[in-house]
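Here the structure comes first, spelled out in structure tokens, and everything after it is commentary.
The following block contains the structure:
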């Protein structure tokens, strides 16, 4: 049997993880499938690659000698795949873009899509709603060409560049039956005793981190009653009266029965940000970036 790239990937992943189950998760395959790949290498080479220590594993002496060569094979294959993808991007006219749910309600989101469609109809745009964390990962893996996310952002790899499209204030979404329905601008501390509906926590930061930091600055920690992946779901839950939520002001354009939006006294802002690979010279991406720069809401950046 010839040892193939998939076998080397399985060997390297298992050596790095020290556990067959964890290695299988990283590769997106089942543990039995991973074990079969490892056995195939051992049979082909006549070597035992791992010593078992309970549920954990460690490379055998023979494996330690083979591991640098296996890593080199996997690294070179990954480099070739990235180079091939880069060459393909330079010749194609497609853009794969990700966006967070709240971005779709900002006027610039629709304006950018409309600008691409009307001025650059040769560009085939595919958009998918995914979290900021996944967008960053997919940009690094060249599965996306650009992403639209919300601040605050994590520390990004220097290979990624950003373009701030707009800035907006945060508001509080409350049930219309709230006793504060007639109130004007309120301090965030006024909601310290209210349960909060929160965003899913993710390493990329985003609106959950912004909410937590703003509440901390106001002197309290939000008491979370529900955590949701999408802002539309969040607002529907607000309408039931089970809690309040902090949302970007453009969400007030999204009319949900039973939901009212209240301005906050504090200056709590979030930026709508486009992220992309700095070195990506694909014509379709560069054309999209030029359109995006023309649409930047410069007046909002002074908020």
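In my numbering, the protein residues as written are -11 to 291. Note that beta-carbon positions come from the ideal geometry of N, C-alpha and C, so glycine has one too.
Return the chain-ordered list of same chain residues with a C-beta closer than 8 Å to the C-beta of residue 230, the five sequence neighbours on each side being excluded. Excluding positions up to five away in sequence, the list reads 183, 185, 213, 214.
Contacting residues, own chain, Cβ-Cβ under 7 Å from residue 211 (five flanking each side not counted): Around residue 211: 183, 184.
Grouping DSSP H, G and I as helix and E and B as strand, with all else coil, what is residue 169? Because residue 169 carries a pLDDT of 49, less than 50, the predicted location of this residue cannot be relied on, and no value is offered for it.
Helix, strand or coil: how does DSSP classify residue 124 here? Assignment of residue 124 by DSSP, reduced to helix, strand and coil, places it in the helix class.
Specify the secondary structure class of residue 156 as computed by DSSP and reduced to three states. In the structure shown, residue 156 sits in a strand (DSSP, three-state: E or B).
Using CA coordinates, which residue listed in 257, 26, 199, 269 is at the minimum distance from residue 288? Nearest to residue 288 by C-alpha distance, out of 257, 26, 199, 269, is 257.
Can you tell me where the alpha helix (DSSP H) holding residue 226 begins and where it ends? Where residue 226 is concerned, the enclosing alpha helix (DSSP H) stretches over 219 to 228.
Taking Cβ to Cβ, would you say residue 262 is nearer than 8 Å to residue 134? Yes, the Cβ-Cβ distance between residue 262 and residue 134 is below 8 Å.
Alpha carbon to alpha carbon, what distance is there between residue 187 and residue 236? Residue 236 and residue 187: Cα-Cα distance of roughly 13 Å.
Leaving out five residues on either side along the sequence, give the residues of the same chain with a beta carbon under 7 Å from the beta carbon of residue 110. Contacts found: 81.
Could you tell me the distance, in whole angstroms, from the CA atom of residue 112 to the CA atom of residue 138? Residue 112 and residue 138 have their alpha carbons spaced roughly 24 Å apart.
Using the rule of at least 16 other Cβ atoms within 10 Å of the residue's Cβ for burial, across every protein chain shown, is residue -11 buried or exposed? With fewer than 16 other Cβ atoms within 10 Å, it is exposed.
Check for me: the beta strand (DSSP E) holding residue 215 runs from which residue to which? Per DSSP, residue 215 belongs to the beta strand (DSSP E) from 211 to 216.
Shortest alpha-carbon distance to residue 191 belongs to which of 124, 132, 241? Considering only alpha carbons, the answer is 124.
So residue 223 and residue 94 are in contact, right, with Cβ under 8 Å, and what is the actual spacing, rounded? About 15 Å separates the two Cβ atoms, so there is no contact after all.
Would a C-beta distance cut-off of 8 Å place residue 115 and residue 276 closer than the cut-off? No.
Through-space distance from residue 245 to residue 234, alpha-carbon basis: Cα to Cα, residue 234 sits roughly 17 Å from residue 245.
If you draw a straight line from the alpha carbon of residue 169 to that of residue 117, how long is it in whole angstroms? Residue placement at residue 169 cannot be trusted, given a pLDDT of 49 that sits under 50; the coordinates are not used to answer.
7 Å CB neighbourhood of residue 273 in its chain, flanking five on each side removed: Excluding residues within five positions, the ones whose Cβ falls inside 7 Å are 83, 133, 134, 264.
Distance check for residue 218 and residue 156, CA to CA, integer angstroms please. The straight-line gap from Cα to Cα measures roughly 19 Å.
Can you have a look at residue 281 and say buried or exposed, based on whether 16 or more other CB atoms are within 10 angstroms of its CB? In summary, residue 281 is exposed, with fewer than 16 beta-carbon neighbours lying within 10 Å of its beta-carbon over all protein chains present.
Is the CB-CB distance between residue 62 and residue -9 below 8 Å? Between residue 62 and residue -9, the gap from beta carbon to beta carbon reaches 8 Å or more.
Are the CB atoms of residue 300 and residue 160 nearer to each other than 8 Å? Given a span of -11 to 291 for the chain in the structure shown, any question on residue 300 remains unanswerable.
Assuming residue 225 and residue 216 form a contact by the criterion Cβ under 8 Å, report the distance between their Cβ atoms to the nearest whole angstrom. Indeed they touch by this definition, with Cβ atoms about 7 Å apart.
In chain order, what residues of the same chain have a beta carbon less than 8 Å from the beta carbon of residue 308, not counting five sequence neighbours either side? With the chain running from -11 to 291 in the structure shown, residue 308 is simply not present.
How big is the Cα-Cα spacing for residue 59 and residue 2? Approximately 12 Å, taken between the alpha carbons.
Taking all protein chains shown into account, decide if residue 136 is buried (16 or more other Cβ within 10 angstroms of its Cβ) or exposed. By the 16-neighbour rule on beta-carbons within 10 angstroms, residue 136 is buried.
Could you tell me which of -3, 28, 27, 32 sits nearest to residue 15, measuring between CA atoms? Considering only alpha carbons, the answer is -3.
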